[in-house]
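Protein chains in written order, with the numbering used here: chain A, 21 to 366; chain B, 21 to 366.
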DNA sequence: TTTTAGCACTCTCTCTTGTTGAGTGCCGAA
DNA sequence: TTCGGCACTCAACAAGAGAGAGTGCTAAAA
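In structure tokens:
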């Protein structure tokens, strides 16, 4: 892109910007005459045509057909987003609306659903939020309940007020009081540590058979091993407003739409896609096939990781057609990530 | 419909049957000549036209336009389904496939998902299964874990191997051993009873303050009251293959499709709709607006309740365009309900 | 009375044709 | 380098013609 940046003079870049903006707002291919009429642009349509021909040679725009004006290509959008875009600050009204709605919710799941719905509601696109990574949660309390036939129900409570159940099969029968002691021991050992820390600690304990460990402790550690190590719950996302995408002409091809909705209902691929955005620092933008995900070929994806206590725990984003109002969506995604992180602190 | 049954002679009914079958398989309006060519029908197209005119007067079929053959109306479908349809027994191969796939799953959620997917997979329509009603589950074990600030985590295990969590706020602080005794007491009292029975028992216990009740028992009952009474978890459904519906011409109107998918992602209304089918004895069929649900105006819904141990616990069904192969779908829904009920027994 | 063949009629669908308008590329002059 | 002028291209629309499918009606045959 830096090559393009040098190659294009100020005027060409300005024209490209106007063209993309115009196309985003109208959805019609933009002709030279339309741009020439643009205020404050002392330039004739013929000249604009020269510039447009150059832009087309560079692969930034193209004509659907001979007499149809120009439309940005994906590279064009990319250049626009990288170098030309002037984002609007989110309107104060929206921002406060966002905060109010997100913060009035109780429970992390509620908060997240609300964030997803707000993203889709405000943009009229599809909103998506990944559930916070479990790793960041810390151990608060574990408890065991004997079920039948050596099965034990493990109840693990984390400090984000989430409760996790898991049934494990034990090698020997435990009495309720055996289990109680084991739980007490583990609670004293692990409380306050993050789950990943706990996993490490367990591995460590199991490795060295210490002298002062009695049978109860060994049992407890073994139980804990089964409970925590396999405790990775399936990741999940909350998707809202998918049907908004049905309104867009450019996506309305039946086949395309079908693949898109299959992707939405499968979730798995989208989860992976979002996962890859976790490490990014701020807003990330995938235009068309940049996401590397076929069903999103005609879509753009704007994501931002959100953090609780400076620790990135999840990702949220917006999915829409490549022709979307980037200037509004990008800052909205950005600010929503911050609001969400803030709201999850409590 | 009985009126129609008398009004129509055998031949008219046979013709209507042929017409509907033909339309279902071809999707094209059926003309008199097409039917006349039908084998074993010693009748000219002109005669057929007379009959068709009658059928049209009765509102069973109609012409999209002057020269376009006839198409069944919703009443036509209704009459067809009620009086003319000869259902095919499900193919043996499908049946065994069904059984194998459903029964190999472990855990009720898995089984249900599998049933839903099979319904949609075999019919190429949308499959839906409501999760089994909690009421039928019986109490196996309850346990309490003290959290902070008078909050108590209730873990309730039912005999269908499902675990239910709930955090309640208690009026006083309980120690772990208080809670342990309460749990023991409740377990001895309630084990084996259905949850609705348990609710009744609790209400009963609370009503009469018995002499022999000590403080622990009173506390226990109070805890149980909070735990069980409000324990109605939101009902849910498992929907599969919704995107299959995108392939149908007759549903492909963007607006229609949008409403349909909004309904699918909201779930709430569909849950209610299915709920109303719980009490029906066998397969129920809603054609077009018969379901009373706007978004399904162009769809038919075939449902059947499924039962575990002779107790109806849920409903499953198939959603598709009114033009669907009723002869195959109806028996499939029927048999799937049975297979599912059977599989859930274990 | 019922059935049938014949026929005029209607309507959609498709193909063709012409027209319009938008927009382009190129060229020569400023 | 910029600009006006101009020929050219192409999609979109409309109008018209013809084919094909299917109907309703009628009058004759069964």
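Ideal Cβ placement from N, Cα and C applies to all residues, glycine included.
With distances taken from CA atoms, which of 134(B), 313(B), 273(B) and 128(B) is nearest residue 117(B)? 134(B)
If the cut-off is 7 Å on Cβ atoms, which residues from the stretch 253-266 of chain B count as contacting chain A, listed in chain order? 262, 263 and 266
Pick out the complete beta strand (DSSP E) segments inside the stretch 226-296 of chain B, 3 residues or longer, and give them in chain order. 257-260
Within its chain, find whatever has a CB closer than 8 Å to the CB of residue 21(B); leave out the 5 residues flanking it on each side and keep chain order. Since pLDDT at residue 21(B) reaches only 49, below the 50 mark, its modelled position is unreliable, and the value read off the structure follows with that caveat. 98, 99, 102 and 103, listed in sequence order.
I need the straight-line Cα distance from residue 62(A) to residue 345(A), nearest angstrom please. 27 Å
Cα separation between residue 106(A) and residue 354(B)? 60 Å
With 8 Å as the threshold, decide whether the Cβ of residue 175(A) is near any Cβ in chain B. yes
Closest residue to residue 196(B) among 200(A), 153(A) and 57(A) (Cα-Cα distance): 200(A)
According to DSSP, is residue 158(A) helix, strand or coil? strand
Cut-off 6 Å between Cβ atoms - residues of its own chain near residue 210(B), not counting five sequence neighbours on either side: 159 and 218
Local conformation of residue 165(A) per DSSP, three classes: strand
N- and C-terminal bounds of the alpha helix (DSSP H) containing residue 112(A): 112-123
For the 8 Å Cβ check, are there 3 or more pairs between the stretch 315-326 of chain B and the stretch 69-83 of chain B? no
Is there at least one non-hydrogen atom of the ligand SAH closer than 7 Å to the beta-carbon of residue 113(B)? In the structure on display, the ligand SAH does not appear, and there are no ligands present to speak of.
Considering just the uninterrupted stretch of the alpha helix (DSSP H) at residue 348(B), what are its terminal residues? 346-365
Measuring straight from C-alpha to C-alpha, what distance separates residue 238(B) and residue 245(B)? 10 Å
Top-ranked residue by Cα proximity to residue 78(B), from 67(B), 95(B) and 69(B): 95(B)
Shorter than 8 Å from the beta carbon of residue 198(B) to some beta carbon of chain A? no
Return the bridge partner residues of residue 340(B) from the DSSP annotation. 320(B)
Pick from 38(B), 59(B) and 145(B) that is closest to residue 348(B), judged by C-alpha positions: 145(B)
Nearest-angstrom Cα distance between residue 233(B) and residue 224(A)? 49 Å
Separation of residue 359(A) from residue 270(B), as counted between CA atoms: 44 Å
Residue 43(A) by DSSP, collapsed to three states: which one? helix
What separation, rounded to the nearest whole angstrom, lies between the Cα atoms of residue 370(A) and residue 216(A)? The structure shown does not extend to residue 370(A), since chain A is modelled only from 21 through 366, so no value can be given for it.
What first and last residue would you give for the alpha helix (DSSP H) that runs through residue 306(A)? Not the alpha helix (DSSP H): residue 306(A) falls in the beta strand (DSSP E), residues 304-307.
In the DSSP assignment, find the unbroken alpha helix (DSSP H) run with residue 71(B) in it and report its ends. 65-77
At a CB-CB cut-off below 7 Å, which residues of chain B make contact with residue 183(A)? 173 and 185
Under DSSP, the beta strand (DSSP E) around residue 96(B) begins and ends at which residues? Run containing residue 96(B): none in the beta strand (DSSP E); it sits in the alpha helix (DSSP H), 94-99.
Going along chain B, which residues have a C-beta under 9 Å from residue 270(A)? What residue 270(A) touches in chain B: nothing, since even the nearest Cβ is about 13 Å away.
Leaving out five residues on either side along the sequence, give the residues of the same chain with a beta carbon under 8 Å from the beta carbon of residue 351(A). 107, 108, 109 and 110
Starting from the beta carbon of residue 161(B), find every residue of chain A whose beta carbon is closer than 8 Å, and list them in chain order. 165 and 167
Can you list, in chain order, the stretches of the beta strand (DSSP E) that have 3 or more residues and sit fully within the stretch 181-208 of chain A? 183-189
So, residue 164(B) versus residue 203(B), is the Cβ gap smaller than 8 Å? yes
Might you give, ordered along the chain, the residues of its own chain that have their beta carbon closer than 6 Å to the beta carbon of residue 51(B), omitting 5 neighbours on each side? 89
With burial defined as no fewer than 16 other Cβ atoms inside 10 Å of the residue's Cβ, what is the status of residue 161(A): buried or exposed? buried
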